[in-house]
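Reading through the structure tokens given below for one structure.
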Amino acid sequence: MKYLPFIFRNLFRKKTRTILTIGSIAVALFLFGLLVTIETALNAGVDVAGVDRLIVRNKISLIMPLPLSYQERLRQIDNVSEATFATWFGAIYQEPKNFFPQFAIDTDTYRTVFPEYEITDQEWRSFLADQEGAVVGRVTADRFGWNVGDRIPLQGTIWTGTWEFNIRAIYDGESAGVDESQFWFQWKYLEERRQTSFGGGTVGWYTVKIDDPDHAVTVTRTIDERFANSAYETSTETEQAFAAGFAKQIGNIRMLILSIGAVVLFTLLLVTGNAMAMAVRERVPELGVLKTLGFGDRTILFLVLAESLVIALVGGSLGIGLAKLFTMGGDPTGGMLPVFYLSIGDIFLGAGIALFVGLAAGSIPALTAMNLRIVDALRRV
Amino acid sequence: MVSIDGKEHSNSLIRVRNLNKVYRRGGETIEVLQGLNLDVERGEFVAFMGPSGSGKTTLLNLLGGLDTPTSGTVTVDGDEITNMSGRNLASWRARHVGFIFQMYNLIPVLTAFGNVELPLLLTKLSKAQRRQHVETALTLVGLDDRMRHYPRQLSGGQEQRVAIARAIVTDPTFLLCDEPTGDLDRKAAEEILDLLTELETNHGKTILLVTHDPLAAERADMVLHLDKGVLVEAAEAAAS
Chain A
1 MKYLPFIFRN LFRKKTRTIL TIGSIAVALF LFGLLVTIET ALNAGVDVAG
51 VDRLIVRNKI SLIMPLPLSY QERLRQIDNV SEATFATWFG AIYQEPKNFF
101 PQFAIDTDTY RTVFPEYEIT DQEWRSFLAD QEGAVVGRVT ADRFGWNVGD
151 RIPLQGTIWT GTWEFNIRAI YDGESAGVDE SQFWFQWKYL EERRQTSFGG
201 GTVGWYTVKI DDPDHAVTVT RTIDERFANS AYETSTETEQ AFAAGFAKQI
251 GNIRMLILSI GAVVLFTLLL VTGNAMAMAV RERVPELGVL KTLGFGDRTI
301 LFLVLAESLV IALVGGSLGI GLAKLFTMGG DPTGGMLPVF YLSIGDIFLG
351 AGIALFVGLA AGSIPALTAM NLRIVDALRR V
Chain L
1 MVSIDGKEHS NSLIRVRNLN KVYRRGGETI EVLQGLNLDV ERGEFVAFMG
51 PSGSGKTTLL NLLGGLDTPT SGTVTVDGDE ITNMSGRNLA SWRARHVGFI
101 FQMYNLIPVL TAFGNVELPL LLTKLSKAQR RQHVETALTL VGLDDRMRHY
151 PRQLSGGQEQ RVAIARAIVT DPTFLLCDEP TGDLDRKAAE EILDLLTELE
201 TNHGKTILLV THDPLAAERA DMVLHLDKGV LVEAAEAAAS
């Protein structure tokens, strides 16, 4: 602690250089914060997927339906505690860019299978009582300024025509990673209105809750065998694998983000390392004086490393702090990244990167300073 | 009594025996110090003179543990420093040696107070104790009213006085002064020499001074000449 004033004095010896170095670290860590937030958003489903839930879809494709009658047959399979279903609705609110996911759900079972969506009992009962009722996630409600009681018209694209819904409930996720952009309405309402078109008696996919995640493999196999050689063969997988498959359709985002992150980190090391090397080079005679006064090699190493660490940690805190502030504003894409937040884990990861940059960038200049011979250093006065 | 004969003197604070320093540059070998002997008692003021390149600063560096000899020994107050590890030597310097340089060598980002406090950071003194020591040292050199001034705000003479305060603040065993008046005008140089004389006479400090200035050397109890790596007494040097 007694060296702190000295370290800070040295840091502000060249104010412009220190501020620019801190600035470059801040920008890099801000970029890192945004990249991991995007990565988290794209993998949101994977991160929060229940380990005790399986997705059962039509073996041909996700867009092909499954019969309603499968629900009861799924419930009869050993280790299955509940089976619920949903159908993709895909309607437009005002204009196509206002995208948000809409599902027609089985109101009898959906809440049991997905407890992470928090809705008050009173609002849920109000939703069940109104056949045109809808439940909407907090993010989408805030995005369009919807409140409970509002009547919302959607333009159907699969089942055409104008569909009107009454917002009866707004749900919140129980944790930060839960998608709060969904819009649910009663499957019975869809079923009733589409009798004149197509798809009657079918659902989009089933979500099966199992009593123990250890039984996932057995249950998966049993389900697919049960419906093999039927008109509607199934493909069953864990919810996590299903969500990961979805994320992969966009491309290997993680790899892309890691590549950009690695380039940024490397550049950061060069910038900070160069600044520290210059700082030490300019100060060789002073380091010689310190050693003359009795400052040991380790103390000199510590003083230079501490400067590098302070620069990196101040810049890192600034960058991560700005990224956190930015992400607190919510999804900047208007619905493409519904789960848009910088997690505590990623904040600590950012701090760890800043720490690493400080240590790595400062290590060579610090070792150079440590190994200086006093007589050589003093000769440069 | 200062002596260079190499005979044992029981009262020696600094004892140098058969000291050699050889530099090798490329294929060339330069013998800077050759078999040098020296005994200095506590409280003595010794000046070293000699032409440039005669090895004065090299001798000072070896006495202060800043450099290691090619052969020979340097013993200070019973501690043989020539065999010490780098770590022990740094700690020994902090406790026993006060350095005063020609170019003052103050840290520009620290105030006079901060510069004088630097050696005390290596001690276990509390902040309040450090403050007290620094104020005492700066008062002793007549700069108690300049504590908050940075080196750039001080004259050359004042900077050197801050450097002297930094050298004495830990109450070291002896002071090593390398051309302390070399960068000063005559008036400022006299003030610095007065201060060094006062440190010797009133505070019993042992001082080893390297200088080109005969007026500075006059202040010493004994003047030794260093020429071609060999120490001789001033009278002997004048005769030759």
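Listed in order, the protein sequences are those of chains A and L.
Here the first sequence is numbered in my numbering, starting from 1 and rising by one per residue.
Here the second sequence is numbered in my numbering, starting from 1 and rising by one per residue.
All residues carry an ideal CB built from backbone N, CA and C; glycine is no exception.
On the three-pair Cβ rule with 8 Å, is the region 203-213 of chain A touching the region 161-180 of chain A? no
Proximity of Ser197 of chain A and Trp163 of chain A at Cβ, strictly below 8 Å: no
In chain A, which residues lie less than 9 Å from Phe99 of chain L when you measure between Cβ atoms? Val289, Thr292 and Leu293
Using the rule of at least 16 other Cβ atoms within 10 Å of the residue's Cβ for burial, across every protein chain shown, is Met1 of chain A buried or exposed? exposed
DSSP-derived helix/strand/coil call for Lys21 of chain L: strand
Here's a check: name, in chain order, each residue in its chain whose Cβ is nearer than 7 Å to the Cβ of Val135 of chain A, leaving out the five neighbours to either side. Ile119, Phe127, Arg168, Ala169, Tyr171 and Trp184
Could you check where the beta strand (DSSP E) with Asp39 of chain L kicks off and where it finishes? Glu28 to Glu41
Using 8 Å as the cut-off, can you tell me whether the region 56-74 of chain L makes contact with the region 261-271 of chain A, which would need three or more C-beta pairs spanning the two stretches below that distance? no
Exposure of Tyr23 of chain L, with buried meaning 16 or more beta-carbon neighbours within 10 Å: exposed
Anyone know if the C-beta pair for Glu39 of chain A and Ile253 of chain A falls short of 8 Å? yes
Ser243 of chain L - partner residues in DSSP beta bridges: The structure shown has nothing for residue 243 of chain L, since chain L only spans 1 to 240.
Within the same chain, show all residues whose beta-carbon is closer than 8 Å to that of Leu121 of chain L, passing over the 5 residues directly before and after it, in chain order. Arg130
Start and end residues, beta strand (DSSP E) containing Ile223 of chain A: Ile223 of chain A -> not in any beta strand (DSSP E); alpha helix (DSSP H) instead, spanning Ala216 to Arg226.
Should the region 276-289 of chain A be called in touch with the region 351-366 of chain A, which here means at least 3 C-beta pairs below 8 Å? yes
Are the CB atoms of Val74 of chain L and Leu13 of chain L within a distance shorter than 8 Å? no
Using DSSP with H/G/I as helix, E/B as strand and the rest coil, what is Asp172 of chain A? strand
Tell me Met49 of chain L's beta-bridge partners as DSSP assigns them. L:His225
Hey, Gly294 of chain A and Ala90 of chain L are a contact pair by Cβ (cut 8 Å); roughly how many whole angstroms apart? 5 Å
Exposed unless 16 or more other CB atoms sit within 10 angstroms - verdict on Lys124 of chain L: exposed
Check Asp178 of chain L in the structure and name its three-state DSSP category. strand
How would you list, in chain order, the residues of chain L whose beta-carbon sits under 7 Å from the beta-carbon of Lys2 of chain A? Leu121
Determine whether the Cβ of Asp67 of chain L lies closer than 8 Å to any Cβ atom of chain A. yes
In chain A, which residues lie less than 8 Å from Val109 of chain L when you measure between Cβ atoms? Arg9, Asn10, Phe12 and Arg13
Given that Val375 of chain A touches chain L, what residues does it touch there, using C-beta distances under 8 Å? Asn61, Leu66 and Asp67
Distance cutoff 8 Å, beta carbons only. Does Arg87 of chain L sit that close to anything in chain A? yes
Where does the unbroken alpha helix (DSSP H) through Ala231 of chain A begin, and where does it stop? From DSSP, Ala231 of chain A is part of no alpha helix (DSSP H); its letter is neither H nor E.
Can you tell me the Cβ-Cβ gap for Gly133 of chain A and Gln186 of chain A, rounded? I've got them flagged as a contact below 8 Å. 7 Å
Would you tell me roughly how many angstroms separate the C-alpha atoms of Leu66 of chain A and Phe242 of chain A, rounded to the nearest one? 17 Å
On the criterion of 16 or more Cβ atoms from any shown chain inside 10 Å, does Ala361 of chain A qualify as buried, or is it exposed? buried
Inter-residue Cα distance where the pair is Leu176 of chain L and Ala47 of chain L: 10 Å
What residues from the region 349-380 of chain A come within 7 Å of chain L, judged by C-beta to C-beta, listed N to C? Ile374 and Val375
Please check the pair Val284 of chain A and Ile7 of chain A, which I expect to be a contact at CB under 8 Å, by giving their CB distance rounded to whole angstroms. Actually they are not in contact, since the Cβ atoms of Val284 of chain A and Ile7 of chain A sit about 18 Å apart, beyond 8 Å.
Since Ala241 of chain A sits in a beta bridge, which residues does DSSP pair it with? In the DSSP output, where bridge partners are listed per residue, Ala241 of chain A has none listed.
Using a Cβ cut-off of 9 Å, pull out every chain A residue sitting near Leu118 of chain L, in sequence order please. Phe6, Val289, Leu290, Leu293 and Phe295
Between which two residues does the beta strand (DSSP E) containing Pro153 of chain A stretch? Arg151 to Gly156
State buried or exposed for Met49 of chain L, treating a residue as buried only when at least 16 other CB atoms are found within 10 Å of its CB. buried
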